[in-house]
Each structure stands twice: as C-alpha cells, then as structure tokens.
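As you go down the protein sequences, you meet chains A and B in turn. In terms of the working numbering, the first sequence opens at residue 1 and continues consecutively. In terms of the working numbering, the second sequence opens at residue 1001 and continues consecutively. Step one of this worksheet: look at the structure below.
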Amino acid sequence: MHEWALAEGVIKTAVEKAKESKMKSIDEIDLKIGEMQDIELDIFKFALDELMKEYGMKAKINIRIQKTKFKCNVCNYEWHFDEFELTEDEKEFVHFLPESIFSHARCPKCGSQYFEIVEGRGVWIEAIRGKK
Amino acid sequence: MIDARLEIIEERLKRIKRIVAVSSGKGGVGKSMVSATMAMALSKKYKVGLLDLDFYGPSTHIIMNAGDKPAEKNGLIPPLVENIKFMSIIYFTEDKAAPLKGKDIINAIIELLAITIWDELDFLIIDMPPGMGEEVMAILKFMKEAEFIVVTTPSILSWETVKKLLLFLKNNRCKILGIVENMVMEHSIKNEIEKFGRYLGAIKFDASIEKFIGNANKIMESDFGKDVEKIAMKI
C-alpha cells in the first residue's frame, strides 16, 4: 500500500476511534506495520505529520515493523520475505498490492505457489492513547 | 488491533454516485463483455469507472485494450481507458496467475479499494468473478449501496446456478437492478426470468464479437454493443 494512503488510513482511523472513546486529544499511537508493505519510513512519517496538521493533531507515533513469515502448505517450509528473489518491478507490485506475491514468488524449498502469509502483512493500530 | 485500511475505503468511495456489480453464478456467460461494454456505453453520457474483481480470470483489460498504468499520487490514480477510469489486478500481477486464497482475496480487495483514487464518478461498474466467493462477500461488507446486475444465458445449466445467486442476493437484502439474458439465439427464457426479477433485456448471440475484442469502437457498433447499450440506458 502506498505511504500516503496508509498514513491517511492511520490518521482517519485514530480520529474516529478517539471520537468513539470520547478522547479530547490523541497523544500517542502504536502502529504495527507488516514488512511486506515495504513502506518508505521517511515518506510515511512525513505523510503522517502533514495529515496530523490537517486534523489539528500532534501525537507521537510509535512504529514497529513486523517481519514477514511465510509457510509452504505443501512442504511446511517456513521462511522470511528476504528469501524471495524479486525483481525491482515485482517489489513495486508487492508494495502496492502485497497479495501479488502469490503471482511472483514460490516456496524457496519446493517451488510451490501454495503458501501462506503467516504474519507481517497489513497495517495495524495496536493502541491509541490520549486525554479524556 | 484495528486494521488501518478500512476507514479509508469509505472515503475513497464517497464521491461515487452508483456502484453496479455485474455478476453471475456461472462462468462463461459473458459477464466481462457485458461489464466492459456497459461501462463504455455509460461513458458516453456519464463519468464512469470500471473495476475488474475477477482475480483468477481478469479480462476486461483485453476487451478494452488497456495499456497505461495507474499514476502514483497519494494513492493510485486509475488510467483513463476509452474515457473510463480503469483498475485491475493485472497492474500488479502482469500476465501471471494470481492463485489467491480466501483471506488473500479479501485483503487484495481491501488494498485495491483503499489505494485507488476514483474521485468523482456517476457509475463504478464492477466485473465480478463467477459464483458466490469472497468477492461477493466483500461487496456486501464494503459497498453496501452496490446494486447488482445478474447475467445468465438461456441455458438451463447457467440459469439454474444464476437462480441460486439471485436467491442469495435477495436473502442478503441486496439491491438487484435486474437480469440480463446473454447469447440469445432462437430460445429465450424471458418468461422464466421474469418470475425471479426484472428482465433488463436480451443480448442476441453475436458470432462476430470475438474479432472486435480489443477495439472499443467496433464493439459499440456491433449488434452486441447495441443490445448492451439499450440495457445500460435502463439502469
């Protein structure tokens, strides 16, 4: 997913959830981002800052990148994202649409395309802290 | 934990006046041809987008001869193909197979909906895959206002399956715009279809259509194109 779209999703979700919890201000957001999203952290942080200005927010955003783990459903081999040998174009495709990995990659051990993303995919808000 | 992508989907779709999902219980009934041609017919008067959600067998890009790739600006801006904003998984998978499983299909749909900037549209036409898989469930969850057009052929094999989809959509309180009968030769099942819902129209079997695939003007000038255009004007 693109950095700006991702940042927009984070800020809008945080604002909405803060409203639901009747928070007056958001002080801190904990984020978990799957390695597979392959985001440029500098652009992402810039986008978050710009969007927070739009929403009149000034929160500290803690980002944790979760390593991506795959498991082959045929031979049970487990591996990480960096074991794939993807071209630059394929990396770009996976950046925008992580599920395109199933088109571009195979199990490094048996060559099957029948594998799972066990973890390390998606963008998750783990916690939102603020004043009520 | 909250999925940060979900909030943005509503934002991305809010300037779309109508979402029309072209579906069928059965494969091979001409959904993609109907979807793409309907989008082209509507684009003469309206702002139209076309989203190909048939991940296993995307084909609207071939019908419309889509070439340009999406542009990157705070998300992805779909290229204009025949004056239609177009998005498909092929921009990310190229010509390779996309062997996605249940939750991967849902994730891919969420990602596409979150990332695509349609902006203002009168119609977003969605070319659905055959059957009642995750893609139909995703429409029910993320596009509650979507209206369905269901395509069948006069064959009993097609119609018997399509009836199950119609029943499912009715049970789930989906808005069904109507049923299109495609590839009609001497035999029509119009009377049978009318017992189940609004008959949007017949599209006569047009043996010439295969050679026009990839040429929008020729498709629109064909008997097939004219029949689809009449149906498009009814919705």
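Even for Gly, the Cβ is constructed at its ideal location relative to N, Cα and C. If you're wondering where the values come from, they're calculated on a predicted model, not measured in any experiment.
Closest to residue i by C-alpha separation, out of the options, would be which residue?
| i | options | result |
| --- | --- | --- |
| V1081 (chain B) | B:L1051, B:M1137 and B:F1092 | B:L1051 |
| G1131 (chain B) | B:V1029, B:I1219, B:D1223 and B:T1093 | B:V1029 |
| H95 (chain A) | A:K53, A:L51 and A:G120 | A:G120 |
| I101 (chain A) | A:L86, A:K32 and A:D27 | A:L86 |
| E92 (chain A) | A:D38, A:F70, A:K132 and A:F84 | A:D38 |
| K1069 (chain B) | B:E1094, B:G1057 and B:Y1056 | B:E1094 |
| A5 (chain A) | A:V118, A:L48, A:M36 and A:E126 | A:L48 |
| K1031 (chain B) | B:R1018, B:R1005, B:N1182 and B:K1211 | B:N1182 |
| L1177 (chain B) | B:M1233, B:G1214 and B:K1211 | B:M1233 |
| Q66 (chain A) | A:K53, A:D82 and A:L51 | A:D82 |
| W1118 (chain B) | B:M1220, B:D1223, B:E1221 and B:K1017 | B:K1017 |
| E1111 (chain B) | B:K1230, B:K1096, B:L1124 and B:E1135 | B:E1135 |
| E116 (chain A) | B:G1102, B:I1213, B:R1173 and B:P1129 | B:G1102 |
| D1127 (chain B) | B:N1172, B:M1064 and B:N1083 | B:M1064 |
| E50 (chain A) | A:S21, A:N76, A:K12 and A:E126 | A:K12 |
| L41 (chain A) | A:I63, A:E88 and A:S112 | A:I63 |
| P1129 (chain B) | B:A1098, B:N1074, B:N1083 and B:G1057 | B:G1057 |
| K1096 (chain B) | B:I1219, B:G1075, B:S1059 and B:A1114 | B:S1059 |
| E1229 (chain B) | B:V1020, B:L1042 and B:V1022 | B:L1042 |
So is residue i buried or exposed if we call it buried at 16+ other beta carbons inside 10 Å?
| i | result |
| --- | --- |
| K1044 (chain B) | exposed |
| C110 (chain A) | exposed |
| H1061 (chain B) | buried |
| S1024 (chain B) | buried |
| M1157 (chain B) | Here residue 1157 (chain B) turns out to be Leu, not Met, going by the sequence shown. Answer is exposed; the Cβ neighbour count stays below 16. |
| E90 (chain A) | buried |
| C107 (chain A) | buried |
| G1049 (chain B) | buried |
| R1005 (chain B) | buried |
| K1085 (chain B) | buried |
| Y55 (chain A) | exposed |
| K1026 (chain B) | buried |
| R1012 (chain B) | buried |
| V10 (chain A) | buried |
| M1185 (chain B) | exposed |
| M1001 (chain B) | exposed |
| S103 (chain A) | buried |
| H2 (chain A) | buried |
Can you tell me where the alpha helix (DSSP H) holding residue i begins and where it ends?
| i | result |
| --- | --- |
| L1140 (chain B) | E1134 to F1142 |
| E1111 (chain B) | G1102 to I1115 |
| Y1091 (chain B) | I1090 to T1093 |
| V10 (chain A) | E3 to E20 |
| K1204 (chain B) | No alpha helix (DSSP H) holds K1204 (chain B); the beta strand (DSSP E) holding it covers Y1199 to K1204. |
| D1052 (chain B) | Note, D1052 (chain B): premise wrong, no alpha helix (DSSP H); beta strand (DSSP E) at V1048 to D1052. |
| H1187 (chain B) | Counting along the chain, H1187 (chain B) falls outside any alpha helix (DSSP H), and DSSP gives it neither H nor E. |
| L48 (chain A) | L41 to E54 |
| F1224 (chain B) | D1223 to A1232 |
| F102 (chain A) | I101 to H104 |
| K1031 (chain B) | K1031 to L1042 |
| I1213 (chain B) | No alpha helix (DSSP H) contains I1213 (chain B), which DSSP labels as neither H nor E. |
| F93 (chain A) | E88 to F96 |
| T1060 (chain B) | T1060 to I1063 |
With respect to the beta strand (DSSP E) encompassing residue i, which residues constitute its N-terminal and C-terminal limits?
| i | result |
| --- | --- |
| F1168 (chain B) | Unbroken run through F1168 (chain B) is the alpha helix (DSSP H), I1156 to N1171; no beta strand (DSSP E). |
| N1182 (chain B) | K1175 to V1184 |
I'd like to confirm the pairing. Which residues does DSSP put opposite residue i in its beta bridges?
| i | result |
| --- | --- |
| C72 (chain A) | A:F115 |
| W124 (chain A) | A:K32 and B:D1003 |
| R1018 (chain B) | B:F1123 |
| W79 (chain A) | A:F70 |
| E1147 (chain B) | B:V1020 and B:K1175 |
| E1072 (chain B) | B:L1076 |
| N62 (chain A) | A:D30 |
| I1084 (chain B) | B:V1048 and B:V1081 |
| T1152 (chain B) | B:E1181 |
| K131 (chain A) | A:S25 |
Using a Cβ-Cβ cutoff of less than 7 angstroms, which residues in the same chain neighbour residue i once the five nearest sequence positions on both sides are dropped?
| i | result |
| --- | --- |
| A1138 (chain B) | I1106 and I1109 |
| E1120 (chain B) | R1015 and K1047 |
| M23 (chain A) | G130, K131 and K132 |
| K1164 (chain B) | G1025 |
Within its chain, find whatever has a CB closer than 8 angstroms to the CB of residue i; leave out the 5 residues flanking it on each side and keep chain order.
| i | result |
| --- | --- |
| E78 (chain A) | K69, F70, K71, C72 and V118 |
| D27 (chain A) | A59, K60, R129, G130 and K131 |
| W1159 (chain B) | T1152, T1153, I1189, E1192 and I1193 |
| L1200 (chain B) | I1149, L1177, G1178, I1179, V1180, I1231, K1234 and I1235 |
| A1071 (chain B) | I1077 and P1079 |
| E8 (chain A) | A47 and L51 |
Only counting the same chain, and skipping five residues up and downstream in sequence, which positions put a Cβ closer than 6 angstroms to that of residue i?
| i | result |
| --- | --- |
| K17 (chain A) | I128 |
| I29 (chain A) | A14, A59, I61 and I128 |
| F84 (chain A) | A105 |
| T1161 (chain B) | G1025 and K1026 |
| D1122 (chain B) | K1017, Y1046 and K1047 |
| P98 (chain A) | M36 and R121 |
| E1087 (chain B) | Per the sequence shown, the amino acid found at residue 1087 (chain B) is Met instead of Glu. These residues qualify, in order along the chain: L1051, P1078 and T1116. |
| V74 (chain A) | C110, S112 and Y114 |
(message) Along the region 1060-1076 of chain B, where does the CB come closer than 9 angstroms to a CB of chain E? Name the residues.
(response) Absent from the structure is chain E; the protein chains it does hold are A and B.
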